[in-house]
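Reviewing the structure listed below.
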Amino acid sequence: MSSEKSIILFDGVCNLCNASIDFILRRDKKDRFLVGALQEAPGQALLSKYQVAPTYLDSLVLVEKGKVYFRSTAALKISRRLHGLWPLFYPLILLPAFLRDPVYDWIGRNRYRWFGKKNTCRIPTEEEKSKFLTADQINF
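Using this note's numbering, the letters of the sequence shown map in sequence onto residues 27 to 166.
Written out as structure tokens, the structure is:
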């Protein structure tokens, strides 16, 4: 796995999650992230490596410097590395997760109903392929 890049795993069939990945990729001006679907083989291998259940789809997952982050913590850690004003949200990390995560969980529980879902995982465009996680980037 590339040690300098953080990896974001997302629900590959969720329309909101895919829109979020588009948003992140557009603002990742310093090429700091790789992304991958939780449901696909590279994502599943990474979940296994970090002993996360392969059925986990409850939030995006951030793997950064050998540690795994979930839910609002993952989102805030991602925001601090994006181009623009998004790093200004990072101080919210000082709030305890039990205060931050209920809003994240509420949106997560309703994401398919509000935003819909695809029948299959997202396929990266030619321009995006270098940003998507591949099996050979995961070292065991």
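Don't be surprised by glycine CBs; every beta carbon is placed ideally from N, CA and C. The structure presented is a predicted model; accordingly, all values stated were derived computationally and were not measured.
Q.
Rounding to the nearest angstrom, what Cα-Cα distance links Lys75 and Val89 in this structure?
A. 11 Å
Q: Check the DSSP bridge columns for Tyr95 and list the partner residues they point to.
A: For Tyr95, which the question treats as bridged, DSSP gives the partners Leu88.
**Q.** Residue closest to Gly92, alpha-carbon to alpha-carbon, out of Asp131, Val129, Ser32
**A.** Ser32
Q: Classify Val129 as helix, strand or coil using the three-state DSSP reduction.
A: helix
Q) Asp84 to Gly134, Cα distance in whole Å? A) 7 Å
Q | Burial state of Ser28 (16 or more Cβ within 10 Å) | A | Unreliable positioning characterises Ser28 in this predicted model, as indicated by a pLDDT of 47, which lies under 50. The coordinate reading is nonetheless provided below. By the neighbour-count rule (16 or more Cβ atoms within 10 Å), Ser28 is not buried but exposed.
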